[in-house]
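Numbering (our numbering), first residue to last: 729 to 960.
See structure below.
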Amino acid sequence: MIYFAHRGASALQVQNTLAAFALARKLGATRYELDVHLTRDGELAVHHDYTLRTPDGREAEIGALSYAQAAACPLENHFDSAVARVPRLADILPVVRPELQLLNVEIKNDGNRYPGIEAVVLRQLQQADLLEKTLFSSFDYDTLLRLRALDKKARIGLLTRNFDVSAALRLGAESVHLNYTRFTPAIARTCHENGLKVYLYTVNEPELAARLQQAGADGIFTDRTDLFVHPA
């Protein structure tokens with residue numbers, strides 16, 4: 729069983745922030761998951777939702793903001809008094825690079841709202857010399873098809889709510905990512921028979937993780953990095 733730090737150590741710091749990834753690394757994480765959006769000026773912003781609350785209280789689409797505007801939007805921080813901001817993917821990569829085994833980059837692109845984001849993400853990971861350690865996923869299947877067309881060797885995980893092994897095989901995917909509540913031993917068998925790994929989200933209890941592993945899961949995404957991995 730392998731463990732991805734889901735949006736960093738997101739049960740202990742504001743998710744998808746530098747602090748969350750730095751803490752996950754300190755706790756011993758070597759595999760991470762994060763979400764990327766494309767700002768108006770072409771920067772890859774790491775955040776989950778498509779919108780941010782601006783300093784004057786408005787909801788703004790990340791794609792309509794420059795990165796400087798996005799970074800000026802303070803994030804809610806229930807953990808400490810630090811000001812939390814949206815980082816760029818370029819800011820996160822140096823934090824997770826040491827001892828990195830795998831980085832799952834979820835491309836947020838429903839309905840292709842960020843045209844061209846696939847090429848931008850591929851280029852940035854290639855320039856960072858981390859492409860071989862990056863696993864790309866997205867709920868938007870067409871995004872993954874475009875990614876595959878751009879790079880025949882890119883590592884892809886099919887992130888889906890409706891399991892269909894043929895969809896994963898058409899992509900040349902290496903894994904299937906599911907909500908753990910949709911997972912069954914039959915899905916695990918089908919995936920393994922076709923050379924696919926099964927990674928489940930979001931699992932924060934060791935007892936549940938053990939049951940899922942027994943049922944055939946290969947890995948989990950967890951907010952509680954502290955419960956599953958330990959510093960070397």
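Idealized CB from N, CA, C, for every residue including glycine.
If you compare the alpha carbons of ARG841, ASP954 and LEU906 with that of LYS925, the shortest gap goes to LEU906. Ranked by Cα distance from ARG816, the first of HIS806, ARG786 and VAL848 is VAL848. VAL931 places its beta carbon less than 9 angstroms from that of ILE948.
In the structure shown, the three-state DSSP call for HIS920 is helix. Fewer than three beta-carbon pairs drawn from the stretch 830–839 and the stretch 744–756 are found closer than 8 angstroms, and the two stretches are therefore not classed as touching. If you compare the alpha carbons of LEU853, VAL764 and ARG735 with that of LYS861, the shortest gap goes to LEU853. A straight-line Cα-Cα distance of about 7 angstroms links ARG735 and ALA748.
Rounded to the nearest whole angstrom, the CA to CA distance from ALA737 to ASP808 is 14 angstroms.
Within the stretch 818–867, the runs of alpha helix (DSSP H) at least 4 residues long that lie entirely inside it are, in chain order, 845–855. Between ASN922 and PHE891, the alpha-carbon positions lie close to 14 angstroms from each other.
For VAL893, the enclosing alpha helix (DSSP H) covers residues 893–899. Within a 10 Å sphere around the beta-carbon of GLN942 sit fewer than 16 other beta-carbons, which makes this residue exposed. CA-CA distance, HIS775 to GLN743, rounds to 8 angstroms. Exclusion of the five residues before and after ASP879 leaves LEU850 as the residues of its chain whose Cβ lies within less than 7 angstroms of its Cβ.
Take the alpha-carbon of HIS806 and the one of ARG874: they are about 38 angstroms apart. Below 8 angstroms, enough C-beta pairs join the stretch 862–872 and the stretch 881–890 to call them touching: three or more. With distances taken between CA atoms, VAL764 lies nearest to THR871 out of GLN829, LEU751 and THR871.
With respect to ARG813, ALA800 sits close: the two C-beta atoms are nearer than 9 angstroms. Shown here, LYS925 sits in a strand according to DSSP, grouped into three states.
Put simply, the backbone Cα of ALA945 is about 6 angstroms away from that of TYR927. Non-local C-beta neighbours of GLU787 in its own chain, meaning closer than 8 angstroms and more than five positions away in sequence, comprise THR779, LEU780 and ARG781, ordered along the chain. Here the alpha carbons of LEU863 and LEU830 stand approximately 7 angstroms from one another.
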